[in-house]
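Numbering (this note's numbering), first residue to last: 46 to 399.
Before any comments, here is the structure.
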């Protein structure tokens with residue numbers, strides 16, 4: 046029993062020392078992380094200083110390197126990023142350090158949505174993919190360095206996969222963060238309880254029981270006598286900074302201030318709360334303060350119901366400010382811009398095919 050316990054303890058100690066050195070024993074003994082880093086310094090002069098400056102990440106010019114040993118393990122002292130800043134200048138590659146006598150065949154896949162230069166929404170999630178069977182190999186001393194081809198720049202995320210002799214040894218998704226913002230410009234379509242009667246005309250009211258000898262009353266009818274519809278543009282404030290093209294996961298509240306799209310841009314003001322139900326699309330509700338048409342001396346007139354038995358002229362209409370409530374939908378204008386870009390892309394593709 047004591048011999049069994051001693052054997053287990055020795056195994057645990059060996060495992061811990063191996064993990065600390067950043068690799069798993071395979072072939073002629075474990076490879077120490079320091080030896081690998083020293084080797085990489087010979088391959089890339091200034092490697093150590095570069096890694097120190099970039100907090101554990103090796104960025105060679107504009108190439109971001111994902112470095113691992115022959116078993117797909119991270120090397121102690123080096124970093125695998127979870128997220129990076131999205132940029133058109135950044136490209137990606139995989140570096141695998143193997144023992145010189147390792148004859149394994151490595152395959153790589155680097156993929157992601159094609160870089161979107163306008164920093165907008167990636168509606169169709171279209172992308173580029175780089176997939177290759179083998180990589181360039183450089184031998185020096187006790188190690189070999191295998192390099193995947195360099196990928197193009199991506200948007201939103203980069204997916205990296207490494208296969209060794211047909212078996213996956215590494216898989217990782219790196220999130221690419223876009224510029225963060227708190228204010229967005231959106232277009233909307235609202236229903237408002239604040240009426241704005243236009244096109245008024247007299248209309249004969251038909252009594253429930255007509256009397257031949259009695260002339261029926263007339264009333265006024267027209268457009269927007271009970272409520273109105275408005276196209277709007279809004280500035281939307283997000284309490285927490287976010288990045289454009291974010292992956293929508295759940296509802297998000299924001300504050301919106303907008304104006305109606307009329308000849309007089311500031312005769313309809315909207316202030317309320319937005320609830321995001323899909324990426325870039327929001328339900329909106331709040332207060333509508335605006336100018337609207339009212340009958341002189343008859344501000345509470347019920348159109349189509351109250352009698353109006355005198356000639357009507359538009360000079361009898363006044364404008365005054367009142368409060369109502371609105372509800373509707375607003376769309377981030379970058380979504381519209383992205384959709385237009387996609388349409389143009391498809392149109393150009395169809396023209397080229399002809």
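Where is the CB? At the ideal position from N, CA and C, for every residue including glycine.
Would you mind listing the beta strand (DSSP E) stretches within the stretch 115-171 that are 3+ residues and don't spill past its ends, in chain order? Whole beta strand (DSSP E) segments, 3+ residues: 128-130, 136-144 and 151-158.
Check whether the stretch 122-130 and the stretch 147-156 touch, using three or more Cβ-Cβ pairs below 8 Å as the test. Because the criterion of three Cβ pairs below 8 Å is not met, the stretch 122-130 and the stretch 147-156 do not touch.
Does the beta-carbon of residue 318 have 16 or more other beta-carbons within 10 angstroms, so that it is buried, or is it exposed? Residue 318 comes out exposed.
Residue 305 to residue 231, Cα distance in whole Å? Going by C-alpha positions, residue 305 is about 12 Å away from residue 231.
Identify, in the order they occur along the chain, each residue of the same chain with its Cβ nearer than 8 Å to the Cβ of residue 89, setting aside the five sequence neighbours on each side. 95, 103 and 105.
Quick check on the DSSP output: the alpha helix (DSSP H) that includes residue 98 runs from which residue to which? Start and end: 92-98.
Bounding residues of the beta strand (DSSP E) (the contiguous stretch that carries residue 239): Note, residue 239: premise wrong, no beta strand (DSSP E); not H, not E.
Proximity to residue 78 [Cα-Cα], best of 153, 212 and 143: Restricting attention to 153, 212 and 143, the CA atom closest to the CA of residue 78 is found in 143.
Would you mind sorting residue 271 into buried or exposed? The rule is 16 or more other CB atoms within 10 Å of its CB. By the 10 Å Cβ count, residue 271 comes out exposed.
Can you give me the C-alpha to C-alpha distance between residue 308 and residue 278, rounded to a whole angstrom? Near 14 Å, if we compare the C-alpha coordinates of residue 278 and residue 308.
For residue 105, the three-state DSSP class (helix, strand or coil): Three-state DSSP puts residue 105 in a strand.
Please identify the residue among 252, 192, 209 and 360 whose C-alpha is closest to the C-alpha of residue 116. For residue 116, the nearest C-alpha among the options comes from 209.
With a threshold of 8 Å, are at least 3 pairs of Cβ atoms found where one atom belongs to the stretch 313-331 and the other to the stretch 208-222? Counting C-beta pairs closer than 8 Å gives fewer than three between the stretch 313-331 and the stretch 208-222, which falls short of the contact rule.
Proximity of residue 195 and residue 108 at Cβ, strictly below 7 Å: Contact: yes.
From which residue to which residue does the alpha helix (DSSP H) around residue 86 run? Element bounds for residue 86: 78-88.
Among 366, 252, 236 and 244, which residue has its Cα nearest to the Cα of residue 274? With distances taken between Cα atoms, residue 274 lies closest to 236.
Looking only at its own chain, which residues have a Cβ that is under 6 Å from the Cβ of residue 347, when we skip the five neighbours before and after it? So no residue of the chain qualifies.
From 211, 132, 81 and 239, pick the residue whose C-alpha is nearest to that of residue 268; which is it? Restricting attention to 211, 132, 81 and 239, the CA atom closest to the CA of residue 268 is found in 239.
Buried or exposed: where does residue 380 fall if 16 or more other Cβ atoms within 10 Å of its Cβ makes it buried? Its Cβ being crowded by 16 or more others within 10 Å, residue 380 is buried.
Cα-Cα separation, residue 93 to residue 82: For residue 93 and residue 82, the distance between alpha carbons rounds to 8 Å.
Is the beta carbon of residue 242 closer than 7 Å to that of residue 161? For the 7 Å CB-CB criterion, residue 161 and residue 242 do not form a contact.
Per DSSP, what kind of secondary structure is residue 341 in: helix, strand or coil? Reduced to three states, the DSSP call for residue 341 is coil.
CB residue 203 to CB residue 157, shorter than 7 Å? Taking 7 Å as the Cβ cut-off, residue 203 and residue 157 qualify as a contacting pair.
Is residue 246 buried or exposed, if buried means 16 or more other CB atoms sit within 10 Å of its CB? When all chains shown are included, residue 246 counts as exposed.
Do you know whose CA, among 153, 213, 136 and 335, lies nearest residue 200's CA? The shortest CA-to-CA distance from residue 200 to any of 153, 213, 136 and 335 is the one to 136.
Can you tell me whether residue 227 is buried or exposed? The criterion is at least 16 other CB atoms within 10 Å of its CB, across all chains shown. So residue 227 counts as exposed.
Which residue marks the beginning of the beta strand (DSSP E) containing residue 349, and which one marks its end? Premise fails: residue 349 is in no beta strand (DSSP E) and is neither H nor E.
Given this structure, state the Cα-to-Cα distance separating residue 80 from residue 188, to the nearest angstrom. When rounded, the distance between both Cα atoms is 9 Å.
Count the other C-beta atoms from every protein chain shown that fall within 10 angstroms of the C-beta of residue 302, then say buried if there are 16 or more, exposed otherwise. Residue burial annotation: residue 302 is exposed, with fewer than 16 other C-beta atoms found within 10 angstroms of its C-beta.
Assuming residue 282 and residue 310 make a contact with CB atoms under 8 Å, what is their CB distance in whole Å? Wrong, their Cβ atoms sit about 20 Å apart, outside the cutoff.
Buried or exposed: which applies to residue 364, given that a residue is buried once 16 or more other Cβ atoms fall within 10 Å of its Cβ? Exposed, since its Cβ has fewer than 16 Cβ neighbours within 10 Å.
Cα-Cα, which of 248, 113, 327 and 360 is closest to residue 351? Distances from the alpha-carbon of residue 351 to those of 248, 113, 327 and 360 put 248 closest.
List the whole-angstrom C-beta distance separating residue 332 from residue 370, where the pair is believed to meet the contact cut-off of C-beta under 8 Å. A Cβ-Cβ distance of about 6 Å is found for the pair residue 332 and residue 370, placing them in contact under the 8 Å criterion.
Give the DSSP-derived three-state secondary structure of residue 380 in the structure shown. DSSP places residue 380 in helix when its eight states are reduced to three.
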